[in-house]
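Report on the following structure.
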Amino acid sequence: YVGLKDELPPLLVMIHGGPTSATSAVYNAKIQYWTSRGFAVADVNYGGSTGYGREYRERLYPQFGCVDVQDCCAAALHLASTGLADRRRLCIMGGSAGGFTTLACLAFRPEVFAVGASLYGISDLEVLAKETHKFEAQYPVHLVGPYPEAKAVYHERSPLYAVDQLACPAIFLQGLEDRVVPPNQATLMVDALRKKGIRVAHVEFAGEQHGFRKAANIVRALEAQLYFFGKVLGFAPSDSIEPVHIFNE
Numbered sequence: 010y011v012g013l014k015d016e017l018p019p020l021l022v023m024i025h026g027g028p029t030s031a032t033s034a035v036y037n038a039k040i041q042y043w044t045s046r047g048f049a050v051a052d053v054n055y056g057g058s059t060g061y062g063r064e065y066r067e068r069l070y071p072q073f074g075c076v077d078v079q080d081c082c083a084a085a086l087h088l089a090s091t092g093l094a095d096r097r098r099l100c101i102m103g104g105s106a107g108g109f110t111t112l113a114c115l116a117f118r119p120e121v122f123a124v125g126a127s128l129y130g131i132s133d134l135e136v137l138a139k140e141t142h143k144f145e146a147q148y149p150v151h152l153v154g155p156y157p158e159a160k161a162v163y164h165e166r167s168p169l170y171a172v173d174q175l176a177c178p179a180i181f182l183q184g185l186e187d188r189v190v191p192p193n194q195a196t197l198m199v200d201a202l203r204k205k206g207i208r209v210a211h212v213e214f215a216g217e218q219h220g221f222r223k224a225a226n227i228v229r230a231l232e233a234q235l236y237f238f239g240k241v242l243g244f245a246p247s248d249s250i251e252p253v254h255i256f257n258e
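If you want this note's numbering, it's the position in the sequence shown, counting the first as 1, plus 9.
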């Protein structure tokens, strides 16, 4: 893909899940999807990502919602300030823990991004601490703090309780059989944004769990995001895409 002359590309900041996982510099068809449609992509290994040593990974303990947000915003602003991306068209997306960081960036750093996409992301850390599956039941203790002793911290870092600060559109994509991040995590956020009058879309996938497995749903999720970003940023995708219903449009 060759970009337009005299026009900086929109930037998509991609945030991996985990959160103590990592992305790597290998071929990724999902990244190719975006670059082939004119987006610059920053695939961020924020503080807490694995592969850089224990000290780097433990930067996130118990700073989930702080260090990751700071690093992802810094990456976007740096690329814009160096003339590699359009400052007015910074986008962000992530799944699971990456969805939480996406929503936290939108809520706690509302001046940075123009639009975001949360795929099966966490909006209320307290609900996660209470309702997530047994295998990861103690994970939030390291990432945020012991619950309920640190209940105030869970509340302070949850995007759901900072909706009053969130000012940009967002799309939520969620599997209805998800037991890791229950569907109500998306529903709570969507309802709050609808009440506030912010443009928001909510795409649910029957039969999908934590992450999308069916090819048709993977395609639909990508196209739904592109469609929504186009509506917000003011461009029409060349792809033939089934429209997504957008509340408050």
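Note that the Cβ used here is the ideal one computed from N, Cα and C, for glycine as well.
This structure is a prediction, so every number in the text was calculated from the model and none was measured.
Q. How many Å lie between Y70 and L175 at the Cα?
A. Counting from 1 along the sequence shown, the entry for residue 70 is found at position 61. Counting from 1 along the sequence shown, the entry for residue 175 is found at position 166. Rounded to the nearest angstrom, the two C-alpha atoms are 25 Å apart.
(Q) Suppose the cutoff is 6 Å on Cβ atoms and the five residues either side in sequence are ignored; what does the same chain contact list for S167 look like? (A) Your numbering for residue 167 matches position 158 in the sequence shown. The residues are D133, L134.
Q. Three or more beta-carbon pairs under 8 Å between the segment 179-187 and the segment 119-130, yes or no?
A. yes
Q. With a CB to CB cut of under 6 Å and the five nearest residues on each side skipped, what residues in its chain are close to G74?
A. Numbered from its first residue, the sequence shown carries residue 74 at position 65. Result list for G74: A113, R166, in chain order.
Q) What's the gap between the Cα of F214 and the Cα of P192? A) The count along the sequence shown starts at 1 and reaches residue 214 at position 205. The count along the sequence shown starts at 1 and reaches residue 192 at position 183. About 10 Å.
(Q) Rounded to the nearest angstrom, what separates Y117 and A171 at their Cα positions? (A) Residue mapping note: residue 117 aligns to position 108 of the sequence shown, counting from 1. Residue mapping note: residue 171 aligns to position 162 of the sequence shown, counting from 1. It is Phe, not Tyr, that sits at residue 117 in the sequence shown. Each residue's alpha carbon lies about 7 Å from the other.
Q: Would you mind reading off the limits of the beta strand (DSSP E) that contains R25?
A: Position 16 of the sequence shown holds residue 25. For the sequence presented, residue 25 should be read as His rather than Arg. Careful: H25 lies outside any beta strand (DSSP E) and carries neither H nor E.
Q) When every heavy atom of the ligand GTP is checked, does at least one fall within less than 8 Å of the C-beta of S247? A) The ligand GTP is not part of the structure shown, which contains no ligands of any sort.
Q) In the segment 63-104, which residue ranges form an unbroken alpha helix (DSSP H) of at least 4 residues, counting only runs that do not cross its ends? A) 63-66, 76-90
(Q) Here's the rule I'm using: 16 or more other beta-carbon atoms within 10 Å means buried, otherwise exposed. How should N54 be labelled? (A) Within the sequence shown, the letter at position 45 stands for residue 54. That one is buried.
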